[in-house]
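Residue numbers (my numbering), protein chains in the order written: chain A, 716 to 833; chain B, 7 to 119.
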């Protein structure tokens, strides 16, 4: 059973360009979460999505950031007009539906995408 | 507001010794979960151990055990018989009553040969 997949693993962008980060959840998981890890910090929640729905985007910056999880295909985190402060590791996690009786609702993390903005 | 505090930015331990990584948390929820993750230099997040707020016994997973003291709101990770491969960042995290994970700032553990 393949784990959570993220690509690319490393992404370099110049200021003002767009960054698109992809996340394929584990098989059977319909819930996706994005987290951001700034250098020397812990992960911070950004957004929680189900297929075709944004459930909670309280951690997303108000501008330039968007996320989607279409009916088909991976979840996408999109950052428009990147700035140096966007340089970070972006982690995706997936889970079965919370409180679905599947244990302690563990989120399974992908390997992360390291974004560097020049 | 929910918060996780890890007060040890860095720790050293001799190979084969035990080490305790501290974690305290703050929440007003009655139902919550506590997790520890390991992040090696390669960057991935590796799940180590989980403790539910209603679990009466401390969780154990191989060489990892979680010292859960609910009244003190602490969830320290104990690694027994440290190995060189244990050198990594360790993050304590809390899941509130729903789905959101809150992470601490991490402790960098270095195991010495």
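Every residue gets a Cβ at the ideal spot worked out from N, C-alpha and C, and that includes glycine.
Spatial neighbours of residue 55(B) in its chain, beta-carbon cut-off 6 angstroms, leaving aside the 5 residues before and after | By one-based count along the second chain, residue 55(B) stands at place 49. The answer, listed in chain order, is 42, 65, 67, 70, 72.
Considering only residues of the same chain and omitting the five flanking positions on each side of residue 81(B), which have a CB-CB separation below 7 angstroms?
-> What you label residue 81(B) is simply residue 75 of the second chain in a count that begins at 1. Result list for residue 81(B): 29, 31, 40, 57, 72, 74, 98, in chain order.
Residues of chain B with CB under 7 angstroms from residue 714(A), in chain order?
-> Outside the shown range of chain A, which is 716 to 833, sits residue 714(A), and nothing can be said about it.
Any residues in the segment 783-806 of chain A with a beta carbon nearer than 8 angstroms to a beta carbon of chain B? Which ones, in chain order?
-> Listed by position along the chain: 804, 806.
Which stretch, first to last residue, makes up the beta strand (DSSP E) that contains residue 73(B)?
-> Residue mapping note: residue 73(B) aligns to position 67 of the second chain, counting from 1. 70-75 is the span of the beta strand (DSSP E), which, as asked, contains residue 73(B).
DSSP state of residue 39(B), grouped into three classes?
-> Against the second chain, residue 39(B) aligns to sequence position 33. It is a strand residue.
Can you find a C-beta in chain A that's less than 8 angstroms from the C-beta of residue 9(B)?
-> On the second chain, position 3 is the one that residue 9(B) refers to. False, the Cβ-Cβ gap to chain A never drops below 8 angstroms.
DSSP on residue 91(B), reduced to helix/strand/coil?
-> Working through the second chain from its first residue, we reach residue 91(B) at position 85. Helix, per DSSP.
Buried or exposed by the 16-neighbour rule on C-beta atoms within 10 Å, applied to residue 757(A) = Along the first chain, read from residue 1 onward, the residue named residue 757(A) stands at position 42. Burial call: buried.
In chain C, which residues lie with their C-beta within 7 angstroms of the C-beta of residue 17(B)?
-> Absent from the structure: chain C. Protein chains present are A and B.
Report yes or no: is there a C-beta of chain B within less than 8 angstroms of the C-beta of residue 780(A)?
-> The residue given as residue 780(A) occupies position 65 in the first chain. Answer no: the Cβ-Cβ gap between residue 780(A) and chain B never drops below 8 angstroms.
Does the beta carbon of residue 765(A) sit closer than 8 angstroms to a beta carbon anywhere in chain B?
-> Here residue 765(A) refers to the residue found at position 50 of the first chain. No - not a single Cβ of chain B is within 8 angstroms of the one on residue 765(A).
In terms of alpha-carbon separation, which member of 759(A), 724(A), 729(A), 802(A) lies closest to residue 739(A)?
-> Along the first chain, read from residue 1 onward, the residue named residue 739(A) stands at position 24. In this structure, 724(A) is the residue among 759(A), 724(A), 729(A), 802(A) with its C-alpha nearest to the C-alpha of residue 739(A).
Separation of residue 83(B) from residue 117(B), as counted between CA atoms = Within the second chain, numbered from 1, the residue matching residue 117(B) stands at position 111. Within the second chain, numbered from 1, the residue matching residue 83(B) stands at position 77. Rounded to whole angstroms, residue 117(B) to residue 83(B) spans 15 angstroms at the Cα level.
Beta-carbon separation (whole angstroms), residue 831(A) vs residue 802(A), contact threshold 8 angstroms = Translated into the one-based positions of the first chain, residue 831(A) becomes position 116. Translated into the one-based positions of the first chain, residue 802(A) becomes position 87. Right, their Cβ atoms sit about 5 angstroms apart.
Min CB distance residue 113(B) to chain A below 8 angstroms = Mapped onto the second chain, residue 113(B) falls at position 107. No, residue 113(B) lies away from the interface with chain A (no Cβ there is under 8 angstroms from its Cβ).
Would a check of beta-carbon distances place residue 74(B) closer than 8 angstroms to chain A?
-> Numbered from its first residue, the second chain carries residue 74(B) at position 68. So, not an interface residue.
In three-state DSSP terms, what is residue 800(A)?
-> Residue mapping note: residue 800(A) aligns to position 85 of the first chain, counting from 1. DSSP places residue 800(A) in helix when its eight states are reduced to three.
Give the DSSP bridge partners of residue 722(A), in chain order.
-> Taking the first residue of the first chain as 1, we reach residue 722(A) at position 7. Its beta-bridge partners are 737(A).
Does the beta-carbon distance from residue 733(A) to residue 770(A) come in below 8 angstroms?
-> Here residue 733(A) corresponds to residue number 18 of the first chain, with the count starting at 1. Here residue 770(A) corresponds to residue number 55 of the first chain, with the count starting at 1. No. Outside cutoff.
Using a beta-carbon distance below 8 angstroms, is residue 826(A) in contact with chain B?
-> In the first chain, the residue the question calls residue 826(A) occupies position 111. Yes, residue 826(A) lies at the interface with chain B (some Cβ there is under 8 angstroms from its Cβ).
At 8 angstroms on the CB atoms, spell out the chain B contacts of residue 829(A), in chain order.
-> For the purposes of this step, residue 829(A) is taken as residue 114 along the first chain, with counting starting at 1. Residues of chain B passing the Cβ test: 49.
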